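Heads up: the sequence shown is residues 2 to 393, going by the numbering used here.
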Amino acid sequence: MDALADNVRLLKSRANGAALLAVVKANAYGHGAVAVARAALAAGADRLGVICVDEGEQLRRAGITEPILVMGHTSAGEAQRLADLSLTPSVVSSEMALALARVASERGIEMPVHLKVDTGLNRYGLPASEAADLGRRLRDLAGIQTEGLFTHFASADEGDKGYTVEQHKLFLAVAEQLDWVPIRHVSNTATLLDMPDMSLEMVRPGLGIYGCYPSTHVKRSLPLRPVLSLKGRIARLTSLAPGESVSYGRTWRAPRPSLIGLLMCGYADGLPRALSNCGSVLVRGRRAPIVGRVCMDMCMVDVSDIPDVALDDEVVIIGRQGEEEISTDEVAELCGTISYEILCGISARVPRLYLRQGSIVSKQTLVLELQDEAAANVPEEVLAEGPSPGGA
Ligand SMILES: *Cc1c(COP(=O)(O)O)cnc(C)c1O
């Protein structure tokens, strides 16, 4: 939580006085949406961003009252729910705008919306050529308050910023025609780091809040710190004779008398199967290779070279241990993907422990949520214990 708060403050200080919307979609990139949302707001985030109505509802149910922008598509049929939950929708069609206006007038309220312009990602948004037109119609629509105007970049994390500059120009041309819209926002993490002059009235970092950099091309211009570690414990130790095999498909065979540690973490927890026979973990400050196929719920590591290895030893899958570190980027690269996918792949089965200055302040598991004061009153041994023996 300390790293998260520092990252939020650093990113906000980079934004030329712009407001900061903390992107907490996808369970806050796997970190736990509610805990992250609270911590980000406490550290100075002004708003929150999610993709769908359910994600917004989860935050509202937790008592979060700050503005929440739903950045993805919502159907007109969800207009009532959006109003019930005081969520701010992004609008890309007059159909959606009319549905929202109808609900707003029935209730005698004003609904803020953000108009999403597609400037070249060609994913979600109103084509730039139609955006000004819809914007003007929204202005005249009772019950609708067009509070924001935004776009999303296609290649802001690449070394060549040419396309980003083009998209930005196109966006500003639309914004000029809708100059009464108060909040313009375009910046994701990569843009905020590399092109802070594009910050406008608000920025929308996601990955940077979690202490990762979007790609190797993005400048490490802020000392962001990784927020998450993924850990487990050695649940079992088995000695194998040369030639004996490990896991499904028998893809690994002991080349020598070997000591194999069991880790209760598999691809259902978010440990990619692509790490079979190629990833490693940290035990007692040293690397131990993942051997055999990663299973749904478990994997095996070769701890033959770890002196004094013992049952219950901490295993670091992502994070630091002693002098060694396995970064999310390292895991992603081994799997041929990006840190984003590794982080948001960590599943709900993995207990989340939240620490401040080294002490656990809250805990989220499949069956239990303990918040600040409640967690503070629970002995650490109880908190630190996973729901399953040796759980990840
Ligand atoms: C996910 C997302 C972001 C955040 O992107 P990062 O690269 O994680 O900073 C910003 N805006 C939109 C619309 C998004 O979907």
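Cβ atoms here follow ideal geometry from the backbone N, Cα and C, with glycine treated the same way.
In this text the structure is predicted, and so the values were computed from the model without any measurement.
One question on the structure: do residue i and residue j come within less than 8 angstroms of each other, judged by their Cβ atoms?
| i | j | result |
| --- | --- | --- |
| Ala-105 | Ile-145 | yes |
| Ala-63 | Ala-6 | no |
| Ala-236 | Leu-276 | no |
| Val-51 | Ile-65 | no |
| Arg-285 | Val-247 | no |
| Leu-208 | Pro-197 | no |
| Val-93 | Leu-60 | no |
| Ile-261 | Asn-8 | no |
| Ser-95 | Arg-138 | yes |
| Glu-325 | Arg-288 | yes |
Say the cut is 7 angstroms; is the CB of residue i nearer than that to a heavy atom of ligand 1?
| i | result |
| --- | --- |
| Met-196 | no |
| Asn-278 | no |
| Gly-209 | yes |
| Arg-205 | yes |
| Ala-191 | yes |
| Val-24 | yes |
| Pro-90 | no |
| Met-199 | no |
| Pro-68 | no |
| His-153 | yes |
| Pro-215 | yes |
| Met-72 | yes |
Going by beta carbon distance, what residues of the same chain come within less than 6 angstroms of residue i, once the five residues before and after it are set aside?
| i | result |
| --- | --- |
| Gly-387 | Unreliable placement is indicated for Gly-387, whose pLDDT of 43 sits below 50; the coordinate value is still reported in the next sentence. Pro-352, listed in sequence order. |
| Val-175 | Val-118, Ala-129, Ala-132 and Ala-133 |
| Pro-243 | Ala-255 and Arg-257 |
| Tyr-249 | Arg-294 |
| Ser-340 | Cys-213, Thr-329, Asp-330 and Ala-333 |
Roughly how many whole angstroms lie between the Cα atoms of residue i and residue j?
| i | j | result |
| --- | --- | --- |
| Ile-347 | Ile-319 | 11 angstroms |
| Ala-19 | Thr-192 | 13 angstroms |
| Ser-230 | Ala-40 | 17 angstroms |
| Pro-113 | Val-182 | 11 angstroms |
| Met-2 | Val-37 | 8 angstroms |
| Arg-251 | Glu-245 | 9 angstroms |
| Pro-390 | Gly-149 | Because Pro-390 sits at a pLDDT of 36, beneath the cut-off of 50, its placement in the model cannot be relied upon, and the point is left open. |
| Pro-206 | Leu-194 | 10 angstroms |
| Ala-393 | Met-299 | Because Ala-393 sits at a pLDDT of 37, beneath the cut-off of 50, its placement in the model cannot be relied upon, and the following sentence gives the value as read from the coordinates. Cα to Cα, the separation comes out at about 10 angstroms. |
| His-74 | Gly-233 | 37 angstroms |
| Arg-124 | Val-71 | 16 angstroms |
| Leu-88 | Lys-162 | 33 angstroms |
Which residues in the same chain have their Cβ closer than 7 angstroms to the Cβ of residue i, if we skip the five residues on either side of it in sequence?
| i | result |
| --- | --- |
| Pro-290 | Ser-281, Val-302 and Asp-303 |
| Arg-108 | Ala-84 |
| Leu-356 | Met-2 and Val-362 |
| Glu-79 | Val-54 |
Does residue i come within less than 8 angstroms of chain E when only Cβ atoms are used?
| i | result |
| --- | --- |
| Gln-81 | Absent from the structure is chain E; it holds one protein chain and no more. |
Within a Cβ cutoff of 8 angstroms, which residues of the same chain sit near residue i, ignoring the five residues on either side of it in sequence?
| i | result |
| --- | --- |
| Ala-349 | Asn-28 and Leu-367 |
| Gly-337 | Ala-275 |
| Ala-218 | Checking the displayed sequence, the identity of residue 218 turns out to be His instead of Ala. Cβ neighbours of His-218 beyond the five flanking positions: Asp-158, Glu-159 and Gly-160. |
| Gln-372 | Ser-363 |
| Gly-136 | Leu-116, Thr-147, Leu-150, Val-175, Gln-178, Leu-179 and Val-182 |
Check whether the region 268-277 and the region 211-230 are in contact - that is, three or more C-beta pairs closer than 8 angstroms.
no
- prompt: Can you find at least 3 beta carbon pairs, one from the region 318-332 and one from the region 180-198, that sit closer than 8 angstroms?
  reply: no
Segment contact flag, the region 146-159 with the region 118-128, C-beta cutoff 8 angstroms, min 3 pairs
yes
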